[in-house]
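First comes the structure, then the notes that go with it.
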Amino acid sequence: MEIRLEKTEGLCRLGIEGEMTIYNALDIKKALLETLDGPARLEIDLSGVSELDTSGLQLLVLAKKEAKLLGKELRITAHSQATSAVFELYNMCD
Amino acid sequence: MEIDLSEARQTFVTESIELLQEMEGALLRLEGSPGDQETINSLFRSAHTIKGSSGVLGIESVERFTHAVENLLCKVRENEIRIDKKIIEVLFECRDHIQVLVDCASSGAGLSQGLLSREAELVKRLGSCIGGRGDAPDKTTEKETSGAEAGEGRLAATNAWHISIRFNGDLFRNGMDPASFLNYLAGLGETISITPLFERMPAAPEMDPEECYLGLEVDFRSEFDKKTIEDVFEFAREGSVIHILPPHSRVEAYMDMIRSLPEDFLLLGEILIKGGALTQHELDEALDMQKGEDAGAEQHKRLLGEIMVNEGMIYPEVVDAALERQKLSQASRSKEARTMRIDANKLDSLINLVGELVISGANMGQHARRLKDGWLTESASIMSRLVEEIRDNAMRMRMVPIGETFSRFNRVIRDIGRDSGKDIELKISGGETELDKTVIEKINDPLMHLVRNAADHGIEMPEERASKGKAPKGTVRLNAYHDAGSIVIEVSDDGRGLSRERIFKKACALGLLSPAQTPSDSELFRLIFEPGFSTAEQVTKLSGRGVGMDVVKRNIEALRGAVDVESDGRSGTTVRIRLPLTLAIIDGFMVGVGGSSYVIPLDMVVECVEFSEAERRAANRRRYMNLRGEMLPYIRLRDFFGTQGQEARFENIVVVRCAGQKAGFVVDDLYGEVQTVIKPLGRVYRDVKGIAGATITGNGKVALILDAPALMEGAGGGATASNLN
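Okay, structure coming up:
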């Protein structure tokens, strides 16, 4: 798994590549929280995610919740095939 | 798949016992006020929870029978059936039967033929209570196979299965992914809706990414039977909460599920959608309506639920259940914060460690004193104060009020009253008095015996009481209070009291007394604690066989307690039990005789005075002295324990008080206060009089703990000191 964090004026973009599963859940949580520390607008790019399991999904939900709590805007910008399948399964396509 | 559920089972057993206790309390209250809706609700909830958890754990025997009981309670709760004496009686017996079933489940024993036929009989009686409805008996025995649950109540309109799951938090760690269950489920039919829930997930800092916080609400159309659908979640079943409701389930079933959902403070509407009782569309409509009404000026805000009921969108029961759960969840949350369940073993090992800490602290204190290092002495004394506080706190954790034990006897008294035709009332006072949990557990049997005796032998029949000018209703009283480091428990009745003549006659017959003797009341009454002593003319099923009082005495003495009895032949009998507050650690007063150390429980020590030369000279002639004008019997421990060696030049006398009497112990040296961890003596020393236990002092030596009450008996009776050898 590889995590890229780009910070520009007022925008923080997080790209995750590889597996987003229970095996690296701890690292992902850390990365997500770091992202949330950043500016008011956040983007997560999932296009490089090869596998997403429920623990990964759970972390994305956490990030959404946390962003709302902090009054920041968090958007998931791109889905890979693997991620959209999971979102569909859980009826979370919105 | 074999899953080890033993731990969950243990919790189930503990909880069930509590719930059964609640049920008993509720039933007793119902006898007084049969119409009390709150009590009926609590009765229903208890039965329902037992049924639910036994179901989750697959303890079928309990689930099946409790379900039958729940059916009746449900009807009672909805005022379809009026509760009366007969129903209460049946419910009492059912409660007892559930207890037996739970016991069987906990010991892993199968059900005997006798139990099964007892169950069949009870189920039949439950059925006849439900009355005329015919469907009751088979409802209880039928095991649902597929489709809607049998039984009555309005059926939900939906033709889909509803599955509600709160996954076990360890699911991910166990290598499972809920997504795979969903994929598999999709193969069995048509998924209508899936709602993932992460309400249990805490805020980011506390959130554990490896913990599964997921819950699912799934609506699902399928031709398969319940077993097949259940099997989808077979591997997740352990530790998860799973509800599977077949299509067209009873509305009640949805209610049950709503009640057991773990989420807190959810919007009423959300719960209803999740329960499958209402669609999103219907909810939206209801919301719109509420908005419209708000606009209507001063109009009162109507509850969302009320609107939905009025518009006929939903059955009122469902709303009630959802509202009730919201209330309940708030109440239980605040309660959870206040108490937590701890394994008794953990507490015991903590106490043990504290005990060792006390010893090693004392040891350090002694070294500090020996080295005469000021700093070290100060540190040691600060530490010993802290250790003392820890000890007190640890001991307090084990303290529980005795009230719960007392209230169990309500049922005993009630049953005796019913069986014997007596009118008896149990009055409880001092229920908040606390004592060590181990002591409480061990005092239960002796108390049971005493209470039965009081009700069975003590209290007379109503006619007899009336002829004596007493109120026809007899009273048995349980009282508890603290007194000088011990707890006193009194069991008293206002019955016929002990008969002096009869006990005297019996004692002579047994050869315990000779007819020429004239014992005092208290000496005579003490004989009822001798083995084989019973003066009851009638042997009833409960008491009167002459076994028991001696066992009571033995049990209490095993707890380092004492028991005595008081009676005046007219106004009844009082049995008084005196117990130490705790069994593990006491504050002691250390004294020396010859080369040995002894510890006297500090609570009993009143004062220390010098044993004057004049008294010493008189000691050969008498065993009492003049203490400021008061007669004080005493014992010379040197003589009592046959201590060898030269007599000390000066002796002291320690004045102790116990059970209202004073006595003196003559010793050589006074060492002062010590914290004492009681170590029981081995079997060999069990019959040694005057010693309650031993302890290890700071310097590693053994000091014996004096059994002051037993010693005082010798001193008070003026007996010449019997030698140990």
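So the protein lines, in turn, are chains Z and Y. Quick note on numbering: numbering that gives the first Met the number 0 labels position 91 of the first sequence as 90, and the sequence is numbered without any gaps. Quick note on numbering: numbering that gives the first Met the number 0 labels position 379 of the second sequence as 378, and the sequence is numbered without any gaps. Glycine included, C-beta positions come from ideal geometry on N, C-alpha and C. Values in this document were obtained by computation on a predicted structure and should not be read as measured data.
Legend entry - Close Cβ partners of Ala135 (chain Y) (< 6 Å) along its chain, the five nearest in sequence each way excluded: The pLDDT assigned to Ala135 (chain Y) is 37, lower than 50, so where the model puts this residue is not dependable, and the model offers no usable value.
Legend entry - Residue interval of the alpha helix (DSSP H) (run including Ile86 (chain Y)): Ile86 (chain Y) -> alpha helix (DSSP H) spans 84-106.
Legend entry - Against chain Z: residues of the region 162-178 of chain Y by CB proximity under 7 Å: Hits within the stretch, in order: Phe171, Asp176, Pro177, Ala178.
Inset, instruction - Grab me the residues of Gly168 (chain Y)'s own chain with a C-beta within less than 6 Å of its C-beta, minus the 5 sequence neighbours each way, in chain order. - result: Glu210, Cys211
Inset, instruction - Output yes if chain Y places a C-beta closer than 8 Å to the C-beta of Ile54 (chain Z); else output no. - result: First, the residue type needs correcting, since residue 54 (chain Z) is Ser and not Ile in the sequence shown. By this cut-off, Ser54 (chain Z) is an interface position.
Inset, instruction - Give a yes or no on whether the minimum CB-CB distance between Asn182 (chain Y) and chain Z is below 8 Å. - result: yes
Legend entry - Proximity below 8 Å, CB of Arg499 (chain Y) to CB of Leu523 (chain Y): yes
Inset, instruction - Measuring alpha carbon to alpha carbon, tell me which of Y:Leu425, Y:Asn392, Y:Lys436 ends up nearest Phe408 (chain Y). - result: Y:Leu425
Legend entry - Nearest residue (CA-CA) to Ile49 (chain Y), options Y:Gly593, Y:Asp567, Y:Glu79, Y:Val12: Y:Val12
Legend entry - Environment of Asn554 (chain Y) [buried if 16+ CB atoms lie within 10 Å]: Answer is buried; the Cβ neighbour count reaches 16.
Inset, instruction - Please classify Lys226 (chain Y): does DSSP put it in a helix, a strand, or coil? - result: helix
Inset, instruction - State the Cα-Cα distance for the pair Pro245 (chain Y) and Ser239 (chain Y), rounded to the nearest angstrom. - result: Rounded to whole angstroms, Pro245 (chain Y) to Ser239 (chain Y) spans 19 Å at the Cα level.
Inset, instruction - Would you mind giving the Cβ-Cβ distance between Leu680 (chain Y) and Tyr597 (chain Y), rounded to the nearest angstrom? I have them listed as a contact below 8 Å. - result: Going by Cβ atoms, the distance from Leu680 (chain Y) to Tyr597 (chain Y) rounds to 14 Å, so no, they are not a contact pair.
Inset, instruction - Specify the secondary structure class of Asp342 (chain Y) as computed by DSSP and reduced to three states. - result: coil
Inset, instruction - Consider the Cβ of Leu61 (chain Z): report whether some Cβ of chain Y lies at a distance smaller than 8 Å. - result: yes
Inset, instruction - Could you tell me which residues DSSP pairs with Asp668 (chain Y) in its beta bridges? - result: Y:Gly591
Inset, instruction - Taking Ser163 (chain Y) as the reference, give the member of Y:Ala185, Y:Arg648, Y:Thr194, Y:Asp567 with the closest Cα. - result: Per the Cα distances, Y:Thr194.
Inset, instruction - In angstroms with no decimal places, state the Cα-to-Cα distance between Ala691 (chain Y) and Val590 (chain Y). - result: 15 Å
Inset, instruction - Quick one: grab the DSSP three-state call for Thr10 (chain Y). - result: helix
Inset, instruction - In angstroms with no decimal places, state the Cα-to-Cα distance between Phe664 (chain Y) and Glu646 (chain Y). - result: 15 Å
Legend entry - Best match in Y:Leu636, Y:Arg637, Y:Arg621 for proximity to Met630 (chain Y) [C-alpha to C-alpha]: Selected option, being the one with the closest Cα: Y:Arg621.
Inset, instruction - Step through the CB atoms of chain Y and report whether any lies within less than 8 Å of the CB of Ala24 (chain Z). - result: Output row for Ala24 (chain Z): interface = yes.
Legend entry - Cβ contact (3+ pairs, closer than 8 Å) linking the region 601-608 of chain Y and the region 640-655 of chain Y: yes
Inset, instruction - Just the C-alpha distance for Ser83 (chain Z) and Glu205 (chain Y), rounded to the nearest angstrom, thanks. - result: 28 Å
Inset, instruction - Would you identify the three-state DSSP class for Asp482 (chain Y), choosing helix, strand or coil? - result: strand
Legend entry - chain Z contact for Glu335 (chain Y) (CB, 8 Å cutoff): Only weak support is given to the placement of Glu335 (chain Y): the predicted model assigns it a pLDDT of 49, under 50, and the value that follows is read from those uncertain coordinates. No, because no Cβ of chain Z sits closer than 8 Å to the Cβ of Glu335 (chain Y).
Legend entry - DSSP-derived helix/strand/coil call for Val683 (chain Y): helix
Inset, instruction - Could you please give the first and the last residue of the uninterrupted alpha helix (DSSP H) stretch that includes Asn78 (chain Y)? - result: No alpha helix (DSSP H) holds Asn78 (chain Y); DSSP gives it neither H nor E.
Inset, instruction - Identify which residue in Y:Leu19, Y:Gly57, Y:Gly54 has its Cα closest to the Cα of Phe43 (chain Y). - result: Y:Leu19
Inset, instruction - Return the residues of the region 203-217 of chain Y that lie within a Cβ-Cβ distance of less than 8 Å from chain Z, sorted by chain order. - result: So the close ones are Ala203, Met206, Pro208, Glu209, Cys211, Tyr212, Leu213.
Inset, instruction - Quick one: residues in its chain with C-beta nearer than 7 Å to the C-beta of Arg410 (chain Y), no 5 flanking neighbours on either side, listed in chain order? - result: Glu23, Leu27
Legend entry - Per-residue burial, Ile412 (chain Y) [other beta carbons within 10 Å of its own, 16 or more giving buried]: buried
Inset, instruction - Report yes or no: is there a C-beta of chain Z within less than 8 Å of the C-beta of Phe232 (chain Y)? - result: no
Legend entry - Residue-chain proximity (Phe219 (chain Y), chain Z), Cβ-Cβ < 8 Å: no
Inset, instruction - Spatial neighbours of Ile43 (chain Z) within its chain, please: CB distance less than 6 Å, with the 5 preceding and 5 following residues excluded, ordered by chain position. - result: Closer than 6 Å at the Cβ level, and outside the excluded window around Ile43 (chain Z), lie Leu13, Ile75.
Legend entry - Chain-order list of residues whose beta-carbon lies under 7 Å from that of Glu118 (chain Y) (same chain, five-residue window excluded): Phe64, His96
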